[in-house]
Structure formats: C-alpha cells, structure tokens
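Trainee:
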Amino acid sequence: MLNNNFVIIVGGGSGTRMQSTTPKQFLDLCGQPILMHTIQAFATCQSKPIVVVALNHSFKAQWLELCNQHLFDTSHIVVNAGQTRFHSVLNALTYIKENFLNLDHTYIAVHDGVRPLIDQAIIDSGYREVITHQALATAITSKDSVRIRQKDTYKSVDRDNVFLIQTPQFFSANIIINAYRQPYNKLFTDDASVVEKAGYPIQLINGDTRNIKITFAQDLIFAEALIKSSNFKLKR
C-alpha cells in the first residue's frame, strides 16, 4: 500500500433534528447529497487519503441508489456504523487494521460527514502537521463571551482561552487504534477526547468558521448561501 493516509467519515446519523425523514447526510446541497461533497473534499485533496465511510446499515441501499442517480464514482469504502459515534469510528478502525496490515507511518483523520464545507488547505495542513504532533484537532476561537457554570453561579472566562473544536481531527494510526481499545464512555464527544483519555496530548490547528456542521434546517440554508456567494469557492 503506497498511500499512508486515511480518513474516516462518520455518516451514521439521521435527520431527526432537521425535522426530515431523509438522513441529513443525504439531503441535497446545491445539487448533490451533503455526504458527496464531504467525500470529494478528501478524495481530491493533495494528501489523497483512502476514504472510509461509516454508514448505518439500513441506509446503504439508499446511498447506493443516490450514487447511481448522481453518477458518483469517487472511490470510497463503506463500513457499518455503530450504535454511537464512538462505535462507528471503532468499526472503521477495525476495518483499516484488518485490511491494511502495515500501519507504520500511517495517519488517520476523522471527519463529520455533515461538514461538507471543509477547506482542502486545512486537510492537507493536518496531514502534514500530524507527522510531527501525532494527535491534532482543528479548532476556532470563540467570538462570543463565555461563562462556565460552577455550582449555582456562572463564571466569566477569557474567551481567547476558549476553543471550539471541529473536525477533521488527525492521529497517527497506532495512537488512535490504541485509544479505541478503551471501553465506551459517554464523555467521549469526539476522537480527541478518546485519544486524550488514553494519555496522549492533543495539539490544535486553525479551523474555519465556514466549516459548519449541518445539524438544523437553518444550517443547510447557510451552507447553500455560502456556496453560492461570490467570495466563497469550494476547492474540489
């Protein structure tokens, strides 16, 4: 195997909070399902990772139909999503470990399937930086004032010290595979929290305020407006 970069795209969610019967990763965004935009961002970047998509088993037939309908032939591997995000990533890691035996000098990114506006410059930067730092998360600083609850009060904190975590997140293969040997914990909200719990420090790299996670109906409207705006161009 010549390519030592992978990306796990987590696409196992439903459309509940979108108030849609269609899984949110399959909703149309400027002529294509959201998930296709996301896959293409990674598949066509300079780092050329092998794309592994964790998809709910019950959505696979619908996904295949969408690929046929849109003539979507961008290379990707589909594995079964799990009951939680943690288990979806674990299933994808298990597939990688079982099918690509030599994982030395191998790097794995994890990305939300419903973050289709990721800039390829951030993707390529992450794959370069992870070689040195081994565990990275993209993040942006808070534009809003921030308070933290302490018992019955809410304490103001310096927002310059508060970071909002995004995906993609990047790890050496050995570190993330080892971290996912831990049992599931409800406090694991992303892959960086899993890796940090296993004892590995996390470094942050600059994310992008446009790299939104499409969760609610208004997010889809905003994403469409961004793509159509004159000062925004998807690098595909």
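So the sequence shown is numbered by this note's numbering: it starts at 800 and just counts up by one.
Idealized CB from N, CA, C, for every residue including glycine.
#1: Nearest by alpha-carbon distance to Ile-974: which of Val-878, Ser-924, Tyr-906, Gln-919 is it?
#2: Just checking, does the region 823-832 make contact with the region 863-880 on the three C-beta pairs under 8 Å criterion?
#3: Gln-839 lies in the alpha helix (DSSP H); which residues open and close that run?
#4: Can you tell me which of the three DSSP states Gly-925 falls into?
#5: Can you find the residues in the same chain that come closer than 7 Å, C-beta to C-beta, to Phe-1021, ignoring five residues on each side of it along the sequence?
#6: Provide the residue(s) that pair with Asp-827 in DSSP beta bridges, ordered along the chain.
#7: Taking DSSP's pairing of strands, which residues face Lys-954 in a bridge?
#8: With DSSP as the reference, identify every bridge partner of Asp-911, one or two as the case may be.
#9: Just to confirm the assignment, what range does the alpha helix (DSSP H) spanning Gln-861 have?
#10: Rounded to a whole number of angstroms, what is the C-alpha to C-alpha distance between Ser-924 and Leu-870?
#11: Which residue wins for smallest C-alpha separation from His-856, given the options Lys-896, Val-809, Pro-982, Ile-895?
#12: Mapping the DSSP letters down to three states, classify Ala-853 as helix, strand or coil.
#13: How is the alpha helix (DSSP H) around Asp-975 delimited, first residue to last?
#14: Count the other CB atoms within 10 Å of the CB of Ser-1036; is the residue buried (16 or more) or exposed (fewer)?
#15: Please work out which residues of its chain come closer than 6 Å, Cβ to Cβ, to Ser-955, disregarding the five sequence neighbours upstream and downstream, and give them in chain order.
#16: Look at the alpha carbon of Met-800 and the alpha carbon of Leu-902, and state the distance between them as a whole number of angstroms.
#17: To the nearest angstrom, report how far apart Cys-844 and Gln-861 are at their CA atoms.
#18: Look at the Cβ atom of Gln-968, then the Cβ atom of Ala-936, and state whether they are nearer than 9 Å.
#19: By the DSSP assignment, the alpha helix (DSSP H) with Thr-893 in it spans what residues?
#20: Can you find the residues in the same chain that come closer than 6 Å, C-beta to C-beta, to Ile-917, ignoring five residues on each side of it along the sequence?
#21: Going straight from the alpha carbon of Arg-884 to that of Asp-951, what length do you get?
#22: Starting from Leu-963, follow its DSSP beta bridges and name the residues at the other end.
Mentor: From the atom records:
#1: Closest by alpha carbon: Tyr-906.
#2: yes
#3: 833-842
#4: helix
#5: Ile-1011
#6: Pro-832
#7: Ile-947
#8: Val-809
#9: First-last of the alpha helix (DSSP H) with Gln-861: 859-868.
#10: 30 Å
#11: Of the candidates Lys-896, Val-809, Pro-982, Ile-895, the one whose C-alpha sits nearest the C-alpha of His-856 is Val-809.
#12: strand
#13: Looking at the sequence provided, one finds Ile at residue 975 rather than Asp. Element bounds for Ile-975: 972-978.
#14: There is no way to answer for residue 1036, as the model of the chain reaches only from 800 to 1035.
#15: Arg-946
#16: Any reading at Met-800 must be qualified, since the residue scores a pLDDT of 39, below 50, and its modelled position is unreliable; no value is offered.
#17: 26 Å
#18: yes
#19: 884-898
#20: Around Ile-917: Ala-840, Asn-1010.
#21: 32 Å
#22: Ile-939
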